[in-house]
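Taken in sequence, the protein lines are chains X and A. Position 119 of the first sequence, counting from 1, maps to 119 under my numbering, and the rest follow consecutively. Position 276 of the second sequence, counting from 1, maps to 276 under my numbering, and the rest follow consecutively.
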Amino acid sequence: MSVSFYWRLPGPDDVRNRAFDALAGGSPARLPAVHDIRNGRYGSFDHVAQVARAAELAAFDGIIAADDPGGDASLITLGALAREVRRVRLIATFSPGIGSAVYAAKKAVSFQRYTGNRFGWALQSAPDAARRRSLGDFVTDADLATRLEEFLVVARGVVESERFSYDGRFFGVLDGGFQGPLSGRPFPELTLSGDSDAALAQSARLADVHAFNLGTTDLAARIGALHAQARSHGRTVEVALRARIVSHPDGQRARLEAARAGIADAPDLITGSYDEVAARIEALHGLGVQRFELSAPRSLDEVYRTGEHVLPRVRRLIGKEAA
Amino acid sequence: MAIDFFWRLPTHGDITTVRDPHSTRGDWSPLRDGNQAPGLLHGEPDGTSYVDHLAQIAKAAEISGFQGGLIPSFPMTDDPWVIAAHLARETKTFRFMLAFQPGFVNPVEAARLSATLQRVSGNRMLFNIITGGGGPAQLWWGDSFAHDDRYGRTTEFLDIFKGVWKGSAPLSYDGRFYKVENGLLPPSLAATDLPEIYFSGSSDAALASASKHADFYLSWLEPFDQVAEKFARVKERTAALGRRIKCAIRVDIIARPTEEEAWADVKAGFESLGPERRDAFRQSGGDSVGVSRQAGYRPADARRYEDLIIAPNLWAGFSLLRGGPAIGIVGSYEQAAQKLDELIALGADGFILAGTPHLEEAYRIGEEVLPLVRGRGQAERAGLRAVG
Ligand SMILES: Cc1cc2nc3c(=O)[nH]c(=O)nc-3n(C[C@H](O)[C@H](O)[C@H](O)COP(=O)(O)O)c2cc1C
């Protein structure tokens with residue numbers, strides 16, 4: 001069973017992102033002895049771009065932009081990064097409440113055209129209805145699943161056929177479908193997430209990838225349930241796991257750093273020496289995790305540490321296991 | 001006051017010469033002699049794509065004096081948001097004018113996308129707000145609202161878009177088309193500049209919305225007396241709301257060292273079409289007032305290119321040579337500049353220019369025509385008057 005590694009880009013919860021935003025906002029210089037010529041020229045995107053490039057240089061398979069209402073919009077971030085990273089896959093997280101499904105699909109097709117089909121979608125809406133309403137999305141909890149499904153039917157319909165009509169509760173289109181060079185592009189790889197039975201059932205029918213969070217109770221059983229349901233639809237779904245990672249040559253130092261970041265006891269944390277972290281990842285892989293979606297409180301440092309020290313160890317361990 | 005000049009990014013291929021509209025750059029036509037289809041080298045994928053050509057045009061435009069460019073959006077084009085995001089870090093000063101129909105993204109999400117683009121580009125995005133031409137194309141997009149409802153939706157969209165961006169408190173809004181409860185951009189996004197708003201649409205419903213929200217009212221070129229009348233109407237309606245609005249014109253130019261050369265290129269283009277001339281602009285079953293104002297010239301019925309000369313240096317056959325409106329400017333560099341000065345004298349504060357092919361013509365117009373434009377005040381002192 002193969003394994004792949006994706007890096008989740010830093011957002012507004014990242015210390016360095018916040019510092020760069022303050023710099024861009026022209027906040028007073030914090031370098032009393034330094035002749036500072038940056039003049040607001042840099043912002044957090046410059047940091048994010050370095051992290052993305054680091055993920056590419058350190059042999060990750062893809063990068064993921066989150067949909068954080070306190071931060072940047074993933075579709076723009078990834079568009080701007082697409083010219084700076086040339087190999088890694090680009091996964092945009094957003095909500096089907098964003099607007100027209102045809103319009104979202106059109107963006108996806110332009111992404112596929114410009115990136116050599118490296119583009120994917122991770123669809124999710126804010127679980128909290130009040131949060132959704134603050135984003136202009138008044139869908140009820142009960143309708144979330146139907147809306148997601150209609151969004152996918154329409155988006156897939158216009159991408160995969162040149163003449164497509166649909167008349168649903170949330171989305172409709174008449175004689176739609178992309179033509180000419182916009183036709184024939186692969187539909188974006190689709191990641192869905194969630195831990196509920198309903199979420200698994202939906203992924204079993206619709207998703208290419210289902211993402212769990214590390215810390216999910218009885219992960220192995222949930223993975224088994226997902227595969228069983230997917231099989232009943234004649235499908236397979238890849239299992240991804242979202243985790244935060246803090247590694248260090250010295251395991252004590254890793255744990256100290258995690259404590260400083262305030263996540264020492266977080267259920268989604270993998271921390272320790274390179275060997276410890278690699279062993280943990282290999283064990284999770286043994287439970288059926290095929291893709292790791294990692295992030296870190298110090299994103300740039302950790303993406304290098306993980307890429308340079310942890311991933312080679314994991315690959316060696318998995319190679320042994322396979323042999 | 002200085003005039004705002006923009007160029008245009010062609011979003012579904014770029015014809016390489018007005019003399020032969022069948023030769024294009026881009027993968028909208030097959031690779032053959034005279035065509036360049038990015039993405040293929042000797043028929044094999046080479047890692048480039050059409051956005052590499054657009055990057056070339058954007059750089060040419062910013063280098064040669066244009067503020068930026070309009071990025072049109074139609075069913076067969078690539079998407080303007082994706083284009084702008086891809087080019088944001090490869091350009092220095094180019095401002096991205098996204099053609100956008102407000103119905104297609106909910107306003108809070110659109111504000112998040114826009115503010116992120118402002119952050120990535122250093123405040124270089126702006127809008128051409130369009131509201132769609134109705135008919136089958138509107139349904140293709142999945143939008144079944146009627147003409148005036150679409151403009152009502154555009155107005156609500158802009159109310160919310162501005163409210164969640166620059167409001168001092170979270171916005172709650174309960175409209176016919178959109179609702180929001182306690183919406184506000186996070187500080188890092190809200191700190192960016194609200195995009196300038198160019199606004200297109202010729203109907204009464206369009207003017208009602210534009211007068212409330214637009215910074216620039218944008219029109220295709222029409223006969224000059226009609227332009228003057230249109231600008232006056234827009235300004236009057238906006239003034240009635242206690243606001244001010246500027247006006248801009250979107251027009252194609254064929255400018256050559258001499259007028260003879262310019263018309264010779266028009267003639268060659270017209271005659272290359274053969275008897276199967278088709279007006280690419282006439283839409284079936286749409287409801288656009290602006291489109292029907294342009295379609296009145298029936299360029300497809302003309303027998304000779306001269307039949308379409310509606311005034312000195314104005315030709316109404318551009319929609320035969322490429323998708324887009326009918327009327328454009330043809331002439332020597334001096335004549336082209338003089339036409340622009342006449343429009344400035346009529347109240348134009350900005351232009352979106354285009355020429356075929358977009359890359360080389362960005363340099364040509366920037367180098368040969370823009371320096372000859374005298375601009376406000378000077379044009380008036382020189383006694384330039386608009387003639388129909
Ligand atoms: C300068 C200009 C640019 C336009 N660009 C676009 C475009 O990129 N995509 C589009 O679908 N419609 C475009 N339109 C058309 C408008 O969507 C719309 O059909 C037209 O303005 C109809 O409004 P009206 O009935 O008020 O005239 C454009 C119109 C103008 C004047």
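Positions of the beta carbon are idealized from the N, C-alpha and C atoms, including for glycine.
Beta-carbon neighbours of residue i, restricted to chain A and to distances below 7 Å
i: residue 181 of chain X; result: 27 and 28
i: residue 98 of chain X; result: 105, 106 and 109
i: residue 21 of chain X; result: 188
CB of residue i within 8 Å of CB of residue j, strictly
i: residue 114 of chain A; j: residue 97 of chain A; result: no
i: residue 245 of chain A; j: residue 227 of chain A; result: no
i: residue 299 of chain X; j: residue 14 of chain X; result: yes
i: residue 267 of chain X; j: residue 215 of chain X; result: yes
i: residue 70 of chain A; j: residue 250 of chain A; result: yes
i: residue 8 of chain X; j: residue 49 of chain X; result: no
i: residue 122 of chain X; j: residue 171 of chain X; result: no
i: residue 328 of chain A; j: residue 252 of chain A; result: yes
i: residue 152 of chain X; j: residue 165 of chain X; result: no
i: residue 182 of chain A; j: residue 136 of chain X; result: no
i: residue 312 of chain X; j: residue 273 of chain X; result: no
i: residue 143 of chain A; j: residue 135 of chain A; result: no
i: residue 83 of chain X; j: residue 25 of chain A; result: no
Presumed contact (8 Å Cβ cut-off) between residue i and residue j, rounded CB distance
i: residue 308 of chain A; j: residue 297 of chain A; result: 7 Å
i: residue 116 of chain X; j: residue 47 of chain A; result: 7 Å
i: residue 197 of chain A; j: residue 178 of chain A; result: Actually they are not in contact, since the Cβ atoms of residue 197 of chain A and residue 178 of chain A sit about 17 Å apart, beyond 8 Å.
i: residue 95 of chain X; j: residue 125 of chain X; result: 4 Å
i: residue 76 of chain X; j: residue 120 of chain X; result: Going by Cβ atoms, the distance from residue 76 of chain X to residue 120 of chain X rounds to 16 Å, so no, they are not a contact pair.
i: residue 379 of chain X; j: residue 61 of chain X; result: Missing from the structure shown is residue 379 of chain X; chain X here goes from 1 to 323 and no further.
i: residue 185 of chain X; j: residue 159 of chain X; result: 7 Å
i: residue 14 of chain A; j: residue 110 of chain X; result: The Cβ separation is near 16 Å, so there is no contact.
i: residue 300 of chain A; j: residue 278 of chain A; result: 6 Å
i: residue 211 of chain X; j: residue 242 of chain X; result: 6 Å
i: residue 232 of chain X; j: residue 310 of chain X; result: That belief does not hold up - the Cβ atoms of residue 232 of chain X and residue 310 of chain X are roughly 36 Å apart, past 8 Å.
i: residue 290 of chain X; j: residue 238 of chain X; result: 5 Å
i: residue 412 of chain A; j: residue 76 of chain A; result: This structure leaves residue 412 of chain A out entirely; chain A is present only between 1 and 388.
Cβ-heavy atom distance, residue i to ligand 1, below 7 Å
i: residue 99 of chain A; result: yes
i: residue 250 of chain A; result: yes
i: residue 102 of chain X; result: no
i: residue 12 of chain A; result: no
i: residue 82 of chain A; result: no
i: residue 131 of chain A; result: yes
i: residue 266 of chain A; result: no
i: residue 121 of chain X; result: no
i: residue 110 of chain X; result: no
i: residue 355 of chain A; result: no
i: residue 201 of chain A; result: yes
i: residue 72 of chain A; result: yes
i: residue 18 of chain A; result: no
i: residue 358 of chain A; result: no
Interface residues of chain A facing residue i [CB-CB closer than 9 Å]
i: residue 157 of chain X; result: Within 9 Å Cβ-Cβ: nothing; residue 157 of chain X doesn't reach chain A, min ~10 Å.
i: residue 51 of chain X; result: Going along chain A, no residue has its Cβ under 9 Å from residue 51 of chain X, so there is no contact; the nearest lies around 15 Å.
Within chain X, partners of residue i - CB distance below 8 Å
i: residue 24 of chain A; result: Simply none; closest approach about 11 Å.
i: residue 361 of chain A; result: Going along chain X, no residue has its Cβ under 8 Å from residue 361 of chain A, so there is no contact; the nearest lies around 23 Å.
i: residue 81 of chain A; result: 75, 76, 79 and 107
i: residue 119 of chain A; result: 24, 43, 44, 45 and 72
i: residue 86 of chain A; result: 79, 80, 82, 83 and 114
i: residue 47 of chain A; result: 86 and 116
Partners in chain X for residue i, counting only beta-carbon separations shorter than 7 Å
i: residue 116 of chain A; result: 72, 73, 76 and 77
i: residue 178 of chain A; result: 136
Under 8 Å by beta carbon: chain A residues contacting residue i
i: residue 101 of chain X; result: 142
i: residue 12 of chain X; result: 186 and 188
i: residue 111 of chain X; result: 82
i: residue 171 of chain X; result: 142
Neighbour list for residue i in chain X, Cβ cutoff strictly below 9 Å
i: residue 182 of chain A; result: 130, 133 and 134
i: residue 151 of chain A; result: Residues of chain X passing the Cβ test: none, with the nearest at roughly 17 Å.
i: residue 136 of chain A; result: 174 and 175
i: residue 160 of chain A; result: 136
In chain order, which continuous runs of the alpha helix (DSSP H) of length 4 or greater are located wholly inside the segment 145-230 of chain A?
147-166, 187-190 and 204-213
Entirely within the segment 164-227 of chain X and at least 3 residues each: give me those beta strand (DSSP E) ranges in chain order.
164-167, 172-176, 189-193 and 209-213
List, from N- to C-terminal side, the alpha helix (DSSP H) runs of 4 residues or more that fit wholly inside the segment 282-358 of chain A.
289-295, 318-321 and 333-345
Let me know the beta strand (DSSP E) ranges lying completely inside the segment 57-112 of chain X, each 3 residues or longer, listed in chain order.
62-65 and 89-94
Just list the alpha helix (DSSP H) runs in the segment 236-281 of chain X, keeping only unbroken ones of 4 residues or longer that don't cross its boundaries, in chain order.
251-260
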